[in-house]
Structure formats: C-alpha cells, structure tokens
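Asker:
In this note's numbering, the protein residues as written are 770 to 1514.
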C-alpha cells in the first residue's frame, strides 16, 4: 500500500479531513495539517481500526502507556508515533549536529582535537537552553518552529472568504496549502499562474475543492435592487430638478415583421445600405444611427424582425420615445407585427405606421389598415389617433411625409434631460473586438459620458478608454440621446443592461462583483453527456429531463435572442436551459463546462479552437455551429420532437495558418499558409477565422505548392492559397478546410 495524504484518505473513507485528524490524534498519530503524508503502515492501521469499530466516531482513544517506551523494537506503530513528539520539545538537539557540520567544513584536520571542547560547550548550551528556554543563538530558530505549527489550527470545514480575484500566494495561505502544491494543481487544470499572479474565483473554487476545501465570495458592501422595474439594480438613478432639464433629441425604434423592409426604410432615410452585411438578408444586430432632418437630430434604432429576436425588440422599445411600425402592403399584419405593437404599447410610446412596399402590384393598404384596427391601431381617417404613412423604401417615395410626421410627434412630446449629471444609459449591443477588447454600443439617457469616466454595467466595469459616435468619429463627451460606442470595460456586458458613471474604480468593481456573485449561483451542474442525435431516445427512456445548452456568439445581443427562443421550446418532457452564454470562439473551458454539466455547445457565427475540437472528441461533447439563429432553433425543436434525421455532416479536414499575404495582379490576394493540422485540399470548402470568429465562408480558387498547382497540402507543409471572390485575408488568420459528407440513414 502506498503513502497517502490525510485529505486523500479522508476522501476514500468518506469523512471530512477534520474528523480524520481528530481520530489520528486519538490514536497518537501526529499530523500537522490535512496535507500531511501518512506512511503505508499508518494507512493500514487506520483502515483496520475503523473496520474493527464500524465507523470513525466509534474509534476509542489509544491507551497511553509510558512503559511501552523501553521496547522500541516491539513497535506496533503506536510507540513509533510517540518518538516524534519528544523530538519536538528539545529544539536544541538538532543544532549541535548542524554546528558540527559547519565546523567540519571549516577545518577537517582539526576536528578530532576540538571534539571534547565542542562536547562540553554543547552540553553547557543544552543545559542553559533547558533552564532559560531562550538562548541568544537559538532565539531565531525557536521562533521558526512555531511558525510551521500555526497551520494545524486552520478549521478545514470552515468556508474561506475570498475576493473575486485573488493572488495564488494569498490563496495558499488562506487554505493552509503549500504554494508549489497549489500551483501544481492549477497547472493540471490548465491554468499557468505563478505565486504572484491573480486567478479568478472560478479557478480558486475549483482548485480548493481538489484539496477538500470550500471557498465563498466575500460579500460586497453594495446591495442590488433586483425588483427595480427601470433596470437600475444599483439604485444610482434619481429625479432631476425641472430647472436642470434641457431639450434632447428623440430616440426612434423601427419595428415590424421579418423582411417587411425596416432596414431598407432606414437605408432610404440615411442613403446607405447595411442589408447586405446580414446573413440571410435579415437584421441580427441592433444598429443605432443619428440623422439630421430640417436641422433637428433624430436617433434611429433598427431592430431585427425575426421571431427569435423578441428580446432585442423589447430592448429597443424600452429606450425609445417613438416607434415606427413597418408593415408590408402586400403581406399585411404578421406575428412579429402584433408582437411589436404589444412592445410599443407596453413601453407606452406613440406609434407611427409606415405601410411599406407600395410599389408592389399586389399592395393593399386598406387591408393593412383593417388588420391593424383589429389590434387597436386605428388610423386617423377612420376616427382613431394612429398616424399612417404610405411609403416605398425601394423607390424613396413617401419618405419626406414620414419624416415630417416623426418631427411633429417628437415635438409634441417635449423631450428633456439633464446633461450635467453623472451619465446613465442603456447597452444596445456589445461584442468582443480584436485589438480593442470589449466594445459596447449604448444610448445615453441622462447626464453625460466622458472619456476616462469609470462606469459599471451588470458584471462589467472599467474606465472609458475611447468613445466614438455613430459615424466612427472619436469624441470626448456624449450627452443625452446620443448613440455611442465605448471601449475599456473589463468584460462584454449584457445587451439591455443599464450603464452608470460612478465616482471611482472601487465603487465600480464593488457593484460588478456583486452581480457576478448572483450570476454564479445560477450555474447548473448535472451528470452525463448528451447530443442532439440521441436526444429523443434519451427523453423517451426517461433519462433526460433537462437539455443544458452553452451558447457562444459573436455579439452579446444574440445570446438574449437565443436564450428566449430556446427556452420557448421546453415542454412537459424536457426543459431547455441556457447554462452559459458568452461572446467569442468556442474554447477548451467551454468543453470542460459542457463535460461537467451534461451540455451541448451551440456556436453562432463562431468556431471552436483546435484544442476545443480535440477535447470535445475525447469527451464526446456535441458542438454545433450555425450562421443563422433560426436554423439552430429548428434543429433543437426537431431533436426534441424526435424528427432529427441528419443526412449531411460537416467534417473539418484541416487547419492552416496565414503567415504572409501577397498582392498578385489579376489574381487578388494570395495567402502564404502553413498547415497546422490535417490537410487542405483543392476541392474543400473553407472558412476564414479571425480570433475564432467566422469572417468569410467560400471556396478555394487556387492552391499551389511552390509554383506548381497542388491537389492537397498536408500537415507541416507550406503553400499558397487564394479564396474565390475574397481578398481581405490578413496575417494570423486561420483557414479551416471542411467537406460535407452524406451519412446513411
């Protein structure tokens, strides 16, 4: 039987380290802490004694018999444990040996002559040490011994309070564990940190559990108002005096059903085109734009119209002063049209209806008005109070009439705000930008934001390093109703959260830590692996009641949309839970969480790293990636209903790193690549990844090895590659080659 530490044996015996240490004390086996090493004979003795008495609580105290001391050779392990105790009392016994060693180094020849004198001196010193207990030469050494003995009083069952971030050395002291042992465990968990570096609470909690200890987050001096209807959970908002208020620009949200022309209408107003940038031609991210009309500034918010984006539309309605409801004249009132009406009514904002696509031959505005009247939106000509304007975004017809109505309604509202107070705003969108870090798009509601202000929003805090307006111009100050983009936050905030300017960094971090603590309580951990392919069988067999999902996206707002859409899929047999959502590529830590919590990973516009792919394969974790949200919704809904029968499967065959780029006349950009894994073949489809975010998907137009055309390039080889109809390739990009395989039914 091998040696074991106290806490390891305690785990095997299913008792706490403290209980085992108390039992060891009863049996006269002296240990300093739960990290102390037990010999194989001691382990056997402990297991034998516990087996004899049934449980650790029934183990009696070992009889203390001094008569047993003269028989050291007939040792049964009890006297062997008594020997170390007497050795601790005469602390001076080891010192003469040390002194002998030092003097032997100085002069080996004279050693025999000085031995008698040394014996006399050492005997005198030991007598003086026994009488006075404090010799000048031993004072330092006698103080060192008790320092090591201070570890045993640590209560191993007591929870250890720590901050959200803690230095490794400080954590080792709080836990009573050696720094090197702690660093070794962290290394096994994949965290390379030295004793002077900080680690987050999650890793501190994980490594402490490895040693049988429990850590908790220290309570913040701040409190949260979770019942706040305005989203001000920190209680930082207050009413302004009437004399401090000045007029501000209106914020207008464009709402309506998917593909009814909301973004096209905004394009017509600001003469730009952003529709082409969205996958599938639908708006997936909220855009905020400032437009000057007749000398008046108006802020427009464009919201997605697809069913999945309910949360985004609700968020847009929360910060708006006026809603423009876009309805297609040839399509009429649709489900998201009704939902948009309800959002606008809930936010108590006036509605202007823009009946779009009047250029279509089958346009029927009267039918639209009739259907709207059935939902409480009655036009003025029918005796109601709803303003309706017929427009054609494609042909720019009726746009001026619509803008005139917007200005009239906004003027009647008398919108005002105090620009001189500390800024308060709402996060409209947030994402992780390469080179700039977390970036948040916000609408300023009250007060002003300045570059270098300390801000807090949800669990994120930081100092504003840079601030940009909607034209990407860097600014120093932003007042009420301005849409701005800020950078400098510690993490990507949640879209829809309020953002506040606070007085100092300590206050900001205090509020952020409190939110983190609440979020941590919501984490779910359960049993074994699950995939969409076997989901229906698991539900039918009664094995699965919860489907846990980890969501990774390219922007924060998509997480909210996915969360609400997925949770709607829950039924009596299975409940869908989003246990974690974050911005960025799918990493090793996501796979670890999926393994621990029996979850599948769904990525939207992002890809897994190679390490994450390898780990997912080993751990049998299901990773699915999508470009458009409703495809993911359809797959999960089909899996729950047992209809998922995939016939096509994507297989990643290789990854290559772009090490250099060249401009070739008449051929565009050629990327010099190095194949890091697998192979890149001429007929494969490719994805261009930048910081694990999908930048482009397409095919290879040419593949060369030196100057010759190549059918494939294998691992460890270099070559040249050009992408069909795409030239924006940069050094450091990753090219992922894949093929679509048919899977037999």
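The beta carbon of each residue, even a glycine, is placed where N, CA and C say it ideally should be. Quantities reported herein were computed from a predicted structural model and do not represent experimental measurements.
#1: I'd like to know whether the C-beta atoms of residue 1352 and residue 1378 end up nearer to each other than 8 Å.
#2: Select from 1382, 1349 and 1366 the residue whose C-alpha is nearest the C-alpha of residue 1357.
#3: Pick helix, strand or coil for residue 1316, following the three-state DSSP scheme.
#4: Can you give the beta carbon distance from residue 1506 to residue 1449, rounded, assuming they're within the 8 Å contact cut?
#5: Tell me the rounded alpha-carbon separation between residue 1016 and residue 1142.
#6: DSSP state of residue 1090, grouped into three classes?
#7: Could you pull the DSSP bridge partners for residue 1225 from this structure?
#8: Output yes or no for whether 8 Å exceeds the beta carbon distance between residue 1196 and residue 1277.
#9: Can the beta-carbon of residue 935 be found closer than 8 Å to that of residue 973?
#10: Helix, strand or coil for residue 1353? Go by DSSP, reduced to three states.
#11: With a CB to CB cut of under 6 Å and the five nearest residues on each side skipped, what residues in its chain are close to residue 906?
#12: Give a yes or no on contact between the region 1196-1216 and the region 1141-1155, applying the rule of three or more CB pairs nearer than 8 Å.
#13: Around the Cβ of residue 1069, are there at least 16 other Cβ atoms within 10 angstroms (buried) or fewer (exposed)?
#14: Closest to residue 1063 by C-alpha separation, out of 1025, 967, 1170 and 1148, would be which residue?
#15: So, at 6 Å on beta carbons, what are the nonlocal neighbours of residue 1431 in its own chain, with the 5 sequence-adjacent residues on each side left out?
#16: Tell me the start and end of each unbroken beta strand (DSSP E) in the region 1399-1486 that is at least 3 residues and wholly inside, in chain order.
#17: Does residue 1134 come out as helix, strand or coil in the three-state DSSP assignment?
#18: Are residue 1156 and residue 1213 touching if we call contact CB-CB under 8 Å?
#19: Which residues in the same chain have their Cβ closer than 7 Å to the Cβ of residue 786, if we skip the five residues on either side of it in sequence?
#20: Using DSSP with H/G/I as helix, E/B as strand and the rest coil, what is residue 1066?
#21: According to DSSP, is residue 773 helix, strand or coil?
#22: State buried or exposed for residue 1010, treating a residue as buried only when at least 16 other CB atoms are found within 10 Å of its CB.
#23: Kindly list the residues whose CB is nearer than 6 Å to the CB of residue 1172, restricted to its own chain and excluding five residues on each side of it in sequence; keep chain order.
#24: Residue 1005: which of 1193, 1335 and 1447 sits nearest, CA to CA?
#25: Which residues in the same chain as residue 1187 place their Cβ atom closer than 7 Å to its Cβ, once the five residues preceding and following it in sequence are excluded?
#26: State whether the region 944-954 contacts the region 1248-1265, with contact taken as three or more CB pairs (one from each stretch) at a distance under 8 Å.
#27: Could you give the residue range of the beta strand (DSSP E) that holds residue 1022?
#28: In whole angstroms, what separates the C-alpha of residue 1208 from that of residue 819?
#29: Could you give the C-beta distance for residue 1403 and residue 1393, rounded to a whole number, given that I count them as a contact under 8 Å?
#30: State whether the region 1225-1244 contacts the region 1363-1375, with contact taken as three or more CB pairs (one from each stretch) at a distance under 8 Å.
Answerer: Taking the coordinates as given:
#1: Along the chain shown, read from residue 1 onward, the residue named residue 1352 stands at position 583. Along the chain shown, read from residue 1 onward, the residue named residue 1378 stands at position 609. It is not a contact, given that the beta carbons lie outside the stated cut-off.
#2: For this step, residue 1357 is matched to residue 588 along the chain shown. Nearest C-alpha to residue 1357: 1382.
#3: Position 547 of the chain shown, counted from the first residue, corresponds to residue 1316. Reduced to three states, the DSSP call for residue 1316 is strand.
#4: Translated into positions along the chain shown, residue 1506 becomes position 737. Translated into positions along the chain shown, residue 1449 becomes position 680. Going by Cβ atoms, the distance from residue 1506 to residue 1449 rounds to 5 Å, so yes, they are a contact pair.
#5: Translated into positions along the chain shown, residue 1016 becomes position 247. Translated into positions along the chain shown, residue 1142 becomes position 373. Rounded to the nearest angstrom, the two C-alpha atoms are 34 Å apart.
#6: The count along the chain shown starts at 1 and reaches residue 1090 at position 321. The answer is coil: DSSP assigns residue 1090 none of H, G, I, E or B.
#7: The residue you call residue 1225 lines up with position 456 of the chain shown. Answer by DSSP bridge pairing, in chain order: 1230 and 1269.
#8: Here residue 1196 refers to the residue found at position 427 when the chain shown is read from its first residue. Here residue 1277 refers to the residue found at position 508 when the chain shown is read from its first residue. No, the pair does not count as a contact, with Cβ atoms beyond the cut-off.
#9: Counting from 1 along the chain shown, the entry for residue 935 is found at position 166. Counting from 1 along the chain shown, the entry for residue 973 is found at position 204. In contact: residue 935 and residue 973 (Cβ atoms closer than 8 Å).
#10: The count along the chain shown starts at 1 and reaches residue 1353 at position 584. Of the three classes helix, strand and coil, the one that applies to residue 1353 here is coil, per DSSP.
#11: The residue labelled residue 906 in the question sits at position 137 within the chain shown. Because the pLDDT of residue 906 is 46, which lies under 50, any placement of that residue in the model is unreliable, and the number read from its coordinates should be weighed accordingly. Excluding sequence neighbours, residue 906 sits near nothing in its chain.
#12: no
#13: Within the chain shown, the letter at position 300 stands for residue 1069. So residue 1069 ends up on the buried side.
#14: Numbered from 1 along the chain shown, position 294 holds the residue referred to as residue 1063. Here the closest residue by C-alpha is 1170.
#15: Against the chain shown, residue 1431 aligns to sequence position 662. Result list for residue 1431: 1439, in chain order.
#16: 1417-1433, 1437-1450, 1454-1459, 1462-1474 and 1481-1483
#17: Along the chain shown, read from residue 1 onward, the residue named residue 1134 stands at position 365. In this structure, residue 1134 counts as helix in the three-state DSSP scheme.
#18: Taking the first residue of the chain shown as position 1, residue 1156 is located at position 387. Taking the first residue of the chain shown as position 1, residue 1213 is located at position 444. No, these two residues do not count as a Cβ contact at 8 Å.
#19: By 1-based counting over the chain shown, the position of residue 786 is 17. Closer than 7 Å at Cβ, skipping near neighbours: 775, 776, 779, 803, 925 and 981.
#20: Walking along the chain shown from the start, residue 1066 turns up at place 297. Reduced to three states, the DSSP call for residue 1066 is strand.
#21: Working through the chain shown from its first residue, we reach residue 773 at position 4. Three-state result, residue 773: strand.
#22: Position 241 of the chain shown, counted from the start, is the residue given in the question as residue 1010. Residue 1010 is exposed by the Cβ-count criterion.
#23: As a working note, residue 1172 is residue 403 in the chain shown. Excluding positions up to five away in sequence, the list reads 1062.
#24: As a position in the chain shown, residue 1005 is number 236, starting the count at 1. Here the closest residue by C-alpha is 1193.
#25: The residue given as residue 1187 occupies position 418 in the chain shown. Closer than 7 Å at the Cβ level, and outside the excluded window around residue 1187, lie 1009, 1013, 1014, 1215 and 1216.
#26: no
#27: The residue given as residue 1022 occupies position 253 in the chain shown. 1020-1025 is the span of the beta strand (DSSP E), which, as asked, contains residue 1022.
#28: Within the chain shown, the letter at position 439 stands for residue 1208. Within the chain shown, the letter at position 50 stands for residue 819. Their Cα atoms are separated by approximately 60 Å.
#29: Residue 1403 sits at position 634 when you count from the first residue of the chain shown. Residue 1393 sits at position 624 when you count from the first residue of the chain shown. Actually they are not in contact, since the Cβ atoms of residue 1403 and residue 1393 sit about 12 Å apart, beyond 8 Å.
#30: no
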